[in-house]
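Novice: Have a look at the structure that comes next, please.
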Amino acid sequence: MTTQTVGGREPRRGLPDRAFGFLLTLPALVLFVAIVLYPLIASLTTSLFNQSLVLPGRSFAGLENFRSVLAGQFWSVLRNTLVFTGACTLIPFVLGFGLALALHTRLPGRGLLRGLFLFPWVIPGVVVSFLWMWIFNANYGLLNGLLVQLGLLDEPISWLGQPGTATLAVIVAKSWASFPWMMVMLLAGLQTVPQTLHEAAALDGAGTLRRFWHVTLPHLRGIIGVVLLLEAIWNFQHFDIIYVLTGGGPAGATTTFAVSVYDTAFKGFDLGRAGALGALWMVLLSILVVGYVWASERGEKR
Amino acid sequence: MTVTSTTRPIPAQDRRSARTTPRRPRRPRPVAAAVTVALIGVFALGPVYWLLVTALTPDSDAFAFPPRLWPRRITLEHFANLAENPALLRYLTNSVIVSLTTALLTVIVSAYTAYSFAKFRYRGRRSLMYLILASQMFPQALLLITLYLVFSAYGLLNTYLALILSFSTFTLPLCVWMLKGFFDAIPDELIEAAKVDGAGQGAIIHRILLPVSLPGLIATGLFAFIRGWNDFIFALTLAGPDKQTLPPGLVNTYLGEFQAAWPDLMAASLVVSLPVVIGFIILQRYLVAGLTSGAVKG
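Protein sequence lines correspond, in order, to chains A and B.
Using the numbering used here, you'd call the opening residue of the first sequence number 1406 and step up by one each time.
Using the numbering used here, you'd call the opening residue of the second sequence number 541 and step up by one each time.
Structure follows, in structure tokens:
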């Protein structure tokens, strides 16, 4: 870079700099193209072909895969995914917000508590599944034990063996693993609410609840939108906890898009239908992603 | 404002007078906070307690119904069982190798990328940033359809490399964002001064930028390690039993061969979680900042 040393402090970000700056991103770009972009496009293309995971070759099928998927599992999978996404976004939000507000006070030991509450979120998803599988166990499970002892249940029930309770179990497990992230994000948000605003509102006679409604909430609107959308995006494509806890069962009651695409491709070996289902999944997901980008762009401008 | 005024309930007259005489606002009373924490805390930490108790309870007690909330006897036999299982030790070795390499590769790649995003201005930079960030939005189950075929075509199925490449790529976005935050904080003047002194671009990165942001690099590496350690779907699909990491390995072992060995499984769950928990205790300070900026700045 002799031009710079000779010229001293002249063009700060000259042309060679820019080219070099771009070159720095090449390793990441190569990984991105090879592991994300190409597989994405190729997987979506697969939806137009009859193709097996284990047999070589493929034949063009037009929209046949889409027709077959839309006439088959699509609607039940969509319903399952929407129920899962909705519940596992709202429940952790309520729990996380409650904890964030509680830990934003002078509660003794709040630092330690905040650390402890992170545990469900940091541990691997499979451990979350193992733990709740054990708690929901039909024969020796903690939940059945407690409910029978309290007289709320006459006899143990097979939580993971029935469609309704299995859905509930999956939602409970995922919500348990997600609320700490909500708590951390909202706590960080609460710390940005200027104390002077609270002081001014209190001067005008606003109580705790009114200050929450008129000062805290409006100030957190941006971050609340972002965490809700981000959590919804993650839930919409969540795989680990569902797959290990119920495997999508019983009778497909907890089969979401992630589980269905995975099973169609790697258990049914039908890449064409998996691709078609995946393409429909991507379309729905991109609505959430566009909403997220819009919300975070707006947040940045403010 | 004194501490007592916030903890003790204030009589009605006092509250009215508080409205007329200006005073500093009270934060929500710790009583309400304590109740909230206690209620949600049972749901949040009860299962963790149960994980610990089951892992430490002898089989005869663990399979009692109704379950014993407070263990009568404590044993470490379940942890000993783990050490005697050669398959589990193999999964553990795989996890360590793959996660460490992932951490190293991710830090190197994301450091260059983050430096570019933080300190250079060129056309397409913003689009590139969004592209990298967007890669975590694509559903992995869908990408796996082709990734499986690609890795298969290059003979990479059931290799560490397949796992390392996929873990690194999906950890990259957040790591780039974390490091960009660190690099943004480094004053431009420092880099300018080095240029004036005749330092080339390589020297600026390797002798100034990286040493100055060492804590950030360590935090990022730890984060990438954890992501690799926790991954399930890639290791499940792209590797067989001899190259699989602990998460799919535990599923193979305890939901297949040793079905219903619950106390052993809980002990194994604790062991898998341990490095992650320790990592997060170290990371906590950086993590909140990193995640917040990553999520909010989008």
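By construction, the Cβ of each residue, glycine as well, lies at the ideal position given by its N, Cα and C atoms.
Predicted, not measured: the structure shown is a model, and the values here were computed from it.
What's the gap between the Cα of Pro815 of chain B and the Cα of Ile1528 of chain A?
Specialist: Roughly 9 Å between the two C-alpha positions.
Novice: Are the C-beta atoms of Pro1432 of chain A and some chain C residue less than 7 Å apart?
Specialist: No chain C is part of this structure, whose protein chains are labelled A and B.
Novice: Applying a beta-carbon distance threshold of less than 7 Å, which residues of chain A neighbour Trp590 of chain B?
Specialist: Ile1540 and Leu1547
Novice: Might you give, ordered along the chain, the residues of its own chain that have their beta carbon closer than 7 Å to the beta carbon of Ala1637 of chain A, omitting 5 neighbours on each side?
Specialist: Thr1490, Thr1494 and Leu1693
Novice: What does the alpha-carbon distance come out to for the pair Ser1701 of chain A and Ile1562 of chain A?
Specialist: 44 Å
Novice: Give every residue of the same chain whose Cβ lies closer than 6 Å to the Cβ of Phe765 of chain B, excluding the five residues on either side of it in the sequence, and list them in chain order.
Specialist: Ser639 and Ala643
Novice: Can you find a C-beta in chain B that's less than 7 Å from the C-beta of Ser1464 of chain A?
Specialist: no
Novice: So what does Phe1454 of chain A bridge to, in DSSP terms?
Specialist: A:Phe1465
Novice: Just curious, the alpha helix (DSSP H) that Trp1537 of chain A is in, first and last residue?
Specialist: Gly1530 to Ile1540
Novice: Counting C-beta neighbours from all protein chains within 10 Å, is the total for Thr1510 of chain A 16 or more, i.e. buried, or is it exposed?
Specialist: buried
Novice: Using a cut-off of 8 Å between C-beta atoms, extract the partners of Pro1525 of chain A located in chain B.
Specialist: Ala584, Pro587 and Val588
Novice: Mind listing the chain B neighbours of Ile1638 of chain A? Cutoff is C-beta to C-beta under 8 Å, in chain order.
Specialist: Met677
Novice: Check whether the Cβ of Ser1448 of chain A lies closer than 7 Å to any Cβ atom in chain B.
Specialist: yes
Novice: Go through its chain and collect everything with a Cβ distance to Ala658 of chain B's Cβ below 7 Å, but skip five positions before and after it.
Specialist: Correct list, in chain order: Lys720, Phe723 and Asp724.
Novice: Using only the alpha-carbon positions, how far apart do Phe1524 of chain A and Arg1472 of chain A sit?
Specialist: Straight-line Cα distance between these residues: approximately 44 Å.
Novice: Looking only at DSSP bridge pairs, what is Asp1675 of chain A linked to?
Specialist: BP columns for Asp1675 of chain A point to A:Ser1457.
Novice: Could you run through the segment 679-691 of chain B and flag, in chain order, every residue whose CB is less than 9 Å away from some CB of chain A?
Specialist: For the segment 679-691 of chain B, the set of positions with a beta-carbon nearer than 9 Å to some beta-carbon of chain A reads Pro679, Gln680, Ala681, Leu682, Leu683, Leu684, Ile685, Thr686, Leu687, Tyr688, Leu689 and Val690 in chain order.
Novice: Give every residue of the same chain whose Cβ lies closer than 6 Å to the Cβ of Ala760 of chain B, excluding the five residues on either side of it in the sequence, and list them in chain order.
Specialist: In the sequence as displayed, the identity of residue 760 of chain B is Thr instead of Ala. Once the five neighbours on either side are set aside, the close Cβ partners of Thr760 of chain B are Val647, Cys715, Met718 and Leu719.
Novice: Hey, how far is the Cα of Ala800 of chain B from the Cα of Pro1599 of chain A?
Specialist: 53 Å
Novice: Around the Cβ of His746 of chain B, are there at least 16 other Cβ atoms within 10 angstroms (buried) or fewer (exposed)?
Specialist: exposed
Novice: Hey, Ala1606 of chain A and His1619 of chain A are a contact pair by Cβ (cut 8 Å); roughly how many whole angstroms apart?
Specialist: 7 Å
Novice: List, in chain order, every chain A residue whose beta-carbon is nearer than 8 Å to that of Met806 of chain B.
Specialist: Think of a sphere of 8 Å around the beta carbon of Met806 of chain B: the chain A residues whose beta carbon falls inside it are Phe1535, Leu1536 and Trp1539, in chain order.
Novice: Could you give the DSSP three-state label for Pro713 of chain B: helix, strand or coil?
Specialist: helix
Novice: So, are the CB atoms of Ala1663 of chain A and Leu1449 of chain A less than 7 Å apart?
Specialist: no
Novice: Report the option in B:Tyr794, B:Ala779, B:Tyr694 and B:Thr785 whose CA atom is closest to the CA atom of Leu1650 of chain A.
Specialist: B:Tyr794
Novice: Using a 10 Å radius around the Cβ and a threshold of 16 neighbouring Cβ atoms, would you call Ile680 of chain B buried or exposed?
Specialist: The residue you asked about is not Ile; residue 680 of chain B is Gln in the sequence shown. That one is buried.
Novice: So, with DSSP's three-state summary, where would you put Trp610 of chain B?
Specialist: coil
Novice: Ignoring anything shorter than 4 residues, give me the alpha helix (DSSP H) runs that lie fully in the segment 637-709 of chain B, in order along the chain.
Specialist: Segments of the alpha helix (DSSP H) lying fully in the segment 637-709 of chain B: 665-674 and 680-693.
Novice: I think Leu703 of chain B touches Leu778 of chain B, with their Cβ atoms under 8 Å apart; what is that distance to the nearest whole Å?
Specialist: Sure, about 6 Å apart at Cβ, within 8 Å.
Novice: Name the chain A residues whose beta carbon is nearer than 7 Å to that of Ala574 of chain B?
Specialist: Within chain A, the C-beta atoms nearer than 7 Å to that of Ala574 of chain B come from Leu1512, in chain order.
Novice: Measure from the C-beta of Thr561 of chain B to each C-beta in chain A and report whether the shortest distance is under 7 Å.
Specialist: Residue confidence for Thr561 of chain B is low, a pLDDT of 46 falling below 50, so the modelled location carries little weight; the figure read from the coordinates is stated next. Chain A, which has no Cβ nearer than 7 Å to the Cβ of Thr561 of chain B, makes this no.
Novice: Please compile the residues from chain A whose C-beta is within a distance smaller than 8 Å of the C-beta of Phe820 of chain B.
Specialist: Leu1523 and Val1527
Novice: Looking only at its chain, what residues have a beta carbon closer than 8 Å to the beta carbon of Leu609 of chain B, apart from the 5 residues adjacent to it on each side?
Specialist: Val593
Novice: From what residue to what residue does the alpha helix (DSSP H) around Tyr794 of chain B run?
Specialist: No alpha helix (DSSP H) contains Tyr794 of chain B, which DSSP labels as neither H nor E.
Novice: Find the residues of chain A that neighbour Tyr631 of chain B, judging by a C-beta separation of less than 9 Å, and give them in chain order.
Specialist: Within chain A, no residue comes near Tyr631 of chain B; the closest Cβ sits about 12 Å away, beyond 9 Å.
Novice: Once the 5 residues before and after Asn634 of chain B are set aside, which same chain residues still bring their CB inside 7 Å of it?
Specialist: Taken in chain order, the residues that qualify are Lys783, Gln784 and Thr785.
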